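Chemist: Going down the list, the sequences are from chains A and B.
Under the numbering used here, read the first sequence as residues 122 to 702, first letter to last.
Under the numbering used here, read the second sequence as residues 15 to 380, first letter to last.
Where a beta carbon is used, it is the ideal one built from N, C-alpha and C, also for glycine.
Remember, it's a predicted structure, so these values are computed and weren't measured experimentally.
Below is a structure I'd like to ask you about.
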Amino acid sequence: MQSASNLTNATLASAGWWRRLDLKWALIGVSVAFVVYLSVMPLIFLLWQSFFTPQTASQAAEFTLGNYATAYTSSDTAKLFFNSLRFATGSAIFAFLVGTLLAWMNERTNTPFKSLFFALAIIPLIIPSILFTVSWILLGSPKIGIINLALQHVFDTQYVFFNIYSMWGMIWVEGLHYSPMAFLIMTAAFRSMDPSLEESAMMSGANIFQVAWTITLKLTWPAIFATLLILFVRSIESFEVPALLGLPAGIQVFTSSIYQAIHKYPSQVGLAATYGVTLLLITTVGVYLQSRLSSQGSKYSTMTGKGFRPRAVDLGRWRYLTAAFFIAYLLLIVALPFLVLLWSSLQKFYSVPSWDALHNLTLAPYRFIFSYPTIARSVWNSVLLSLSCATVIMLVTSVICWITVKTKLPGRWLLDNLASLPMVFPGIVLGLAIMIFYLYFDIGVYGTLWIILIAYLTRFLPYGIRYNTTSMLQIHKELEESAAMSGASWGHTFRRIILPLLKPGMVAGWIYIVIVSIRELSTSILLYSPGTEVISIVIWELWENGQYVELSALGVMFILALFCLVMLAQFVAKKYGIKEA
Amino acid sequence: MLKVEGLHTEYVDERGHSVKAAHNVSFEVPEGKLFTLLGPSGCGKTTTLRSIAGLEKPVSGEVSVNGRVVYSSAKGIFVAPNKRNFGMVFQSYAIWPHMNVFQNAAFPLKVGSRKLGKGEVHEKVMRVLKAVGLDHLADREATKLSGGQQQRLALARALVMEPQLWLLDEPLSNLDAKLRERMRFELKRLQRDLNLTTVFVTHDQNEALALSHEIAVMNEGRIVQIGSPRDIYERPHNRFVADFVGSANFLDATVTAREEQRDYFVAQTALGPLKCYSVDPLQAGDKVVISLRPEDVHLSAAHPNMPNVWEAVVDSKIFLGDHVEFQVKIGDVVLLSRVHPSFFPADGTSVYLGMQPAKCLAIAAN
């Protein structure tokens with residue numbers, strides 16, 4: 122790294138001004154401009170809009186504190202704030218408890234079926250939040266929910282056991298959906314801990330609970346807090362659950378309020394921007410604290426790299442209990458949601474599973490979906506958007522990561538932070554900011570696919586950075602230096618040495634971005650217009666129209682397609698020996 | 015051929031402080047010679063090599079090859095490393111894992127301004143691969159090579175462009191001991207056969223002694239002594255060189271008299287008066303350090319016929335196969351001695367210890 126900086130400084134110092142315009146500097150300049158444009162401009166316009174009245178044909182925008190006054194003096198906002206916090210905190214804690222228990226079972230005990238735990242890594246990628254929420258409505262709604270009906274049948278009552286349209290229902294669905302993420306982070310935390318720390322406590326005479334309390338818990342504490350924070354941020358940003366479950370029950374949170382403010386007539390963009398800024402502040406604090414904790418965490422966790430797996434605790438007969446817990450969990454998170462969608466997709470009109478309904482199985486919903494007018498277009502749009510977004514991001518971030526990892530250019534930390542900035546944007550706030558930006562900055566992208574592409578590029582830029590940084594760090598600087606000594610120019614070295622070596626990480630990151638962007642909803646929902654729908658928007662529209670069986674058919678096909686994509690990603694990662702980022 | 019003058023380098027450490035790495039480093043390497051920079055880690059030898067390569071930019075100084083200035087702070091010249099036409103072998107070998115053996119070696123011929131035909135490239139690459147004994151593995155994946163083969167490929171890649179200068183950055187340090195000794199011979203043969211002007215960096219004194227025409231011992235960013243391997247080993251200018259190049263016994267001493275024979279002196283040590291040798295014109299009263307190699311501390315059961323003989327007690331010993339290392343005590347003074355394994359007295363035995371005056375090197379204490 123040292124050398125690269127010297128190199129760049131050296132070429133700068135020695136060569137004439139015209140030499141600075143060579144390929145390297147041009148590429149660096151373009152990449153920096155790209156990042157600044159994508160991640161900073163929408164933020165500025167969002168802030169600006171929150172302080173101005175909407176511009177109309179007859180009236181120019183004027184400065185106002187009215188938006189904030191409306192937002193912060195209303196008792197609704199207090200309720201909104203309280204609801205958001207309660208929802209996010211509840212979901213985070215629930216997801217964390219479930220995820221940590223699973224991680225502990227997998228890493229530290231002899232629970233059976235351990236080989237199935239890998240499935241937890243891919244479930245959240247395969248089942249998009251909107252489909253997960255819809256399937257839980259089919260399972261837990263007070264009127265048609267299968268769980269309620271089954272329990273009512275068993276106990277022969279009309280009592281509603283489980284109402285999904287409630288704060289607890291929201292927390293249940295959201296927490297369940299994020300529990301695999303908690304599982305993955307806590308697994309990493311357990312793994313990064315030197316097992317000899319626990320073993321030496323055991324040898325000092327501590328029993329299993331004392332070890333867990335005084336050593337394991339204390340050592341993983343930064344990881345625990347960081348995990349809780351990230352889950353909190355994810356939940357408070359989430360749009361699908363609050364929109365589908367909260368709004369019918371009159372439970373408003375920030376994300377659903379932003380959506381409503383925009384979809385009112387006339388739309389209250391200023392008020393939405395105010396909510397957006399507030400939400401952004403909360404997520405920024407959360408992400409900041411989380412990154413502080415994570416960097417501090419390395420002080421606690423001691424990576425030995427020796428790969429000694431700790432001796433698993435023998436749970437004895439209790440292992441049947443943990444296995445049962447795991448099986449029940451798999452049922453709740455994959456089997457039931459998928460089966461209920463599958464069931465519903467084979468009905469002409471939605472009906473609860475029964476012997477009668479079994480005779481009425483039909484493929485009509487699938488036929489409907491294939492003849493649905495916007496379906497071909499939306500699939501095409503989704504594919505086009507996700508492929509181009511993934512390609513552009515991986516290429517641009519490879520240059521950015523080269524700058525931040527391999528050079529000592531002044532200001533490279535700023536570039537890194539700017540490129541990671543979109544991470545704090547909740548999807549719907551990003552959609553809002555980009556919508557505002559291109560309403561005022563009229564370059565003809567508003568209402569086209571381009572605006573959605575720009576939004577996706579911004580939203581998933583941090584993923585590209587993460588994947589490329591990881592692989593860039595693994596490229597020994599001497600591989601580059603030896604190319605220079607062989608007489609290769611910078612462009613040649615980048616193209617012939619760096620890019621091929623980055624390839625495995627780039628391919629993995631590329632597929633990952635394809636997967637996450639093809640299911641994107643919360644940003645697209647504010648930016649699409651007729652003709653530029655994507656798949657998740659069609660699902661959303663079908664839901665709004667009450668076409669449940671058709672939605673289920675589309676959902677089942679979507680899940681299967683995502684499953685194939687994720688398997689492909691796993692295969693690529695395995696082939697190139699990449700660890701999941 | 016290579017001329018390095020007044021090289022100063024600095025680098026910025028993780029905390030942002032600038033640290034001086036090399037101070038006023040100057041040396042010349044004649045055509046076809048192998049010049050070694052030897053020193054402990056952090057002495058500035060690698061920085062010096064990388065400054066010659068152009069991978070780091072020095073603060074001041076001048077580097078020229080065959081009269082072509084590639085770096086000069088005074089004239090404001092800095093030639094980018096890819097324009098210098100120097101071959102370099104890295105410590106990690108830096109074999110590109112996404113190319114096979116042939117592609118790795120052919121890379122230098124396919125980049126930069128060289129425009130060669132396919133046949134010419136093939137011929138040149140196969141020639142260097144043959145020279146390092148890898149021609150039969152040309153199509154193999156580079157990652158499937160053993161450590162020694164990767165090493166040879168790195169050497170070949172640095173040769174294929176027919177470099178003006180060959181730069182080797184601790185190329186043998188990643189090999190196991192057996193292989194390292196074999197590669198040492200191969201490296202020497204290649205360098206001598208092709209008459210390559212070479213700068214070699216190592217912290218291994220045996221390697222330096224075995225390969226070099228000339229050695230520069232570096233410490234704390236400065237060259238402390240330049241000389242032939244024999245000079246460096248037998249006539250160290252100071253205690254650091256004596257200690258770093260081979261192990262040495264040291265005795266603090268004060269010169270008491272000059273011997274009749276030229277360059278020989280008598281010095282008072284903790285053992286008593288000792289006949290010693292020095293190229294420096296010493297005066298009576300000068301403080302010196304007597305440096306003595308363990309192999310020059312002779313042990314015997316009978317009184318040997320030489321000056322500088324003491325009676326000593328065996329304190330401990332280590333059997334090392336081809337020799338035995340003894341720690342012997344004369345009063346409180348402990349000396350290290352290396353003798354043939356045929357001599358193997360028990361611990362606590364009294365033995366005679368003799369030191370040839372020519373091997374007792376008096377170095378001015380500083």
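So for Met556 (chain A), helix, strand or coil by DSSP?
Modeler: Met556 (chain A) falls in the helix class under three-state DSSP.
Chemist: If you draw a straight line from the C-alpha of Val139 (chain B) to the C-alpha of Phe116 (chain B), how long is it?
Modeler: In a straight line, the C-alpha of Val139 (chain B) is about 7 angstroms away from that of Phe116 (chain B).
Chemist: Within the continuous alpha helix (DSSP H) that includes Lys373 (chain B), where are the two ends?
Modeler: Taken as a continuous stretch (DSSP letters only), Lys373 (chain B) belongs to no alpha helix (DSSP H), as it is neither H nor E.
Chemist: Determine, using beta carbons only, whether Tyr493 (chain A) and Pro369 (chain A) come nearer to each other than 8 angstroms.
Modeler: Contact flag unset, no.
Chemist: Which stretch, first to last residue, makes up the alpha helix (DSSP H) that contains Tyr299 (chain A)?
Modeler: Segment Met288 to Ser313, the alpha helix (DSSP H) holding Tyr299 (chain A).
Chemist: By DSSP's criteria, Lys289 (chain B) is part of a beta bridge. Which residues make up the other side?
Modeler: According to DSSP, which records beta bridges pairwise, Lys289 (chain B) is partnered with B:Val280.
Chemist: Let me check understanding here. Comparing Cα to Cα, which of A:Leu648, A:Leu642, A:Tyr158 and A:Thr198 lies closest to Ile372 (chain A)?
Modeler: Comparing Cα positions, the closest option is A:Thr198.
Chemist: Exposed or buried, which one is Leu144 (chain A) when buried takes at least 16 other CB atoms within 10 Å?
Modeler: Per the 10 Å Cβ criterion, exposed.
Chemist: Of all the alpha helix (DSSP H) runs that stay within the bounds of the stretch 176-218 of chain B, which reach a length of 4 or more residues?
Modeler: For the stretch 176-218 of chain B, whole alpha helix (DSSP H) runs of length 4 or above, ordered along the chain, are 191-208.
Chemist: Give the residues from the stretch 609-629 of chain A that approach chain B closer than 9 angstroms (Cβ to any Cβ), ordered along the chain.
Modeler: Within the stretch 609-629 of chain A, the qualifying residues are Ala609, Ser610, Trp611, His613, Thr614, Arg617, Ile618, Pro621, Leu622 and Lys624.
Chemist: Using a Cβ-Cβ distance under 8 angstroms, would Pro95 (chain B) count as near chain A?
Modeler: Yes, because at least one Cβ of chain A sits closer than 8 angstroms to the Cβ of Pro95 (chain B).
Chemist: Taking Cβ to Cβ, would you say Asn114 (chain B) is nearer than 8 angstroms to Asp153 (chain B)?
Modeler: Yes.
Chemist: For a contact defined as C-beta to C-beta under 8 angstroms, what are the partners of Ala147 (chain A) on chain B?
Modeler: Ordered by position in chain B, no residue passes the 8 angstroms Cβ test against Ala147 (chain A), which lies about 17 angstroms from the chain.
Chemist: Kindly indicate which residue of A:Gly391, A:Ile454, A:Pro363 and A:Val545 has the alpha-carbon position closest to the one of Leu400 (chain A).
Modeler: The residue with the shortest Cα to Cα distance from Leu400 (chain A) is A:Val545.
Chemist: Run through the stretch 226-295 of chain A for me and flag every whole alpha helix (DSSP H) of 4 or more residues, listed as ranges in chain order.
Modeler: You should have 240-247, 250-261 and 267-276.
Chemist: Would you mind sorting Glu134 (chain B) into buried or exposed? The rule is 16 or more other CB atoms within 10 Å of its CB.
Modeler: The residue is exposed, with fewer than 16 neighbouring Cβ atoms inside 10 Å.
Chemist: At the level of alpha carbons, what is the spacing between Tyr158 (chain A) and Val504 (chain A)?
Modeler: Approximately 25 angstroms, taken between the alpha carbons.
Chemist: Look at the alpha carbon of Pro651 (chain A) and the alpha carbon of Ala94 (chain B), and state the distance between them as a whole number of angstroms.
Modeler: C-alpha separation (whole angstroms): 55 angstroms.
Chemist: Using a Cβ cut-off of 8 angstroms, pull out every chain A residue sitting near Phe100 (chain B), in sequence order please.
Modeler: Within chain A, the residues near Phe100 (chain B) are Met606.
Chemist: Within 10 angstroms of the Cβ of Cys685 (chain A), are there 16 or more other Cβ atoms? Answer buried if so, exposed if not.
Modeler: With fewer than 16 other Cβ atoms within 10 Å, it is exposed.
Chemist: Would you please verify whether the beta carbon of Leu516 (chain A) is less than 8 angstroms from any beta carbon of chain B?
Modeler: So, not an interface residue.
Chemist: Does DSSP put Met232 (chain B) in a helix, in a strand, or in coil?
Modeler: Of the three classes helix, strand and coil, the one that applies to Met232 (chain B) here is strand, per DSSP.
Chemist: Just checking my contact of Pro543 (chain A) with Arg580 (chain A) at CB under 8 angstroms: how many whole Å lie between their CB atoms?
Modeler: Between Arg580 (chain A) and Pro543 (chain A) the Cβ distance is about 6 angstroms, and since that is below 8 angstroms, they are a contact.
Chemist: Note down the Cα distance separating Pro111 (chain B) from Thr230 (chain A), rounded to an integer number of angstroms.
Modeler: Pro111 (chain B) and Thr230 (chain A): Cα-Cα distance of roughly 39 angstroms.
Chemist: Is there contact between the stretch 670-685 of chain A and the stretch 244-254 of chain A, where contact requires at least three CB pairs shorter than 8 angstroms?
Modeler: At 8 angstroms Cβ cutoff, the stretches touch.
Chemist: Just the C-alpha distance for Trp631 (chain A) and His37 (chain B), rounded to the nearest angstrom, thanks.
Modeler: The alpha-carbon atoms of Trp631 (chain A) and His37 (chain B) are separated by roughly 48 angstroms.
Chemist: Would you mind sorting Met688 (chain A) into buried or exposed? The rule is 16 or more other CB atoms within 10 Å of its CB.
Modeler: Looking at its Cβ environment, which holds fewer than 16 other Cβ atoms inside 10 Å, Met688 (chain A) is exposed.
Chemist: Give me, in chain order, the residues of the same chain whose beta-carbon lies closer than 7 angstroms to that of Asn80 (chain B); leave out the 5 immediate sequence neighbours on both sides.
Modeler: Result list for Asn80 (chain B): Met15 and Gln178, in chain order.
Chemist: Any beta carbon from chain A within less than 8 angstroms of Asn171 (chain B)'s own beta carbon?
Modeler: At residue 171 (chain B) the sequence reads Arg, which differs from the Asn that was named. So, interface residue.
Chemist: Hey, does Ser603 (chain A) have any beta-carbon neighbour from chain B nearer than 8 angstroms?
Modeler: Closer than 8 angstroms: yes.
Chemist: Using alpha carbons as the reference points, say which of A:Ala540, A:Trp289 and A:Thr653 lies closest to Thr495 (chain A).
Modeler: The shortest C-alpha separation from Thr495 (chain A) is found at A:Thr653.
Chemist: Report the residue from A:Glu183, A:Gly391, A:Tyr280 and A:His298 whose alpha carbon sits nearest the alpha carbon of Leu168 (chain A).
Modeler: Leu168 (chain A) has its Cα closest to that of A:Gly391, out of A:Glu183, A:Gly391, A:Tyr280 and A:His298.
Chemist: What's the gap between the Cα of Thr525 (chain A) and the Cα of Gly150 (chain A)?
Modeler: Whole-angstrom Cα-Cα distance: 13 angstroms.
Chemist: Going by DSSP in three states, Thr440 (chain A) sits in which element: helix, strand or coil?
Modeler: According to the sequence provided, residue 440 (chain A) is Arg. The question's Thr does not apply to it. In this structure, Arg440 (chain A) counts as helix in the three-state DSSP scheme.
Chemist: Quick check: the Cα distance between Gln275 (chain B) and Ala88 (chain B), rounded to an integer number of angstroms?
Modeler: Answer to the nearest angstrom: the Cα atoms are 50 angstroms apart.
Chemist: Check whether the Cβ atoms of Trp661 (chain A) and Ile639 (chain A) sit closer than 8 angstroms, and answer yes or no.
Modeler: In this structure, Ile639 (chain A) does not lie closer than 8 angstroms to Trp661 (chain A) by Cβ.
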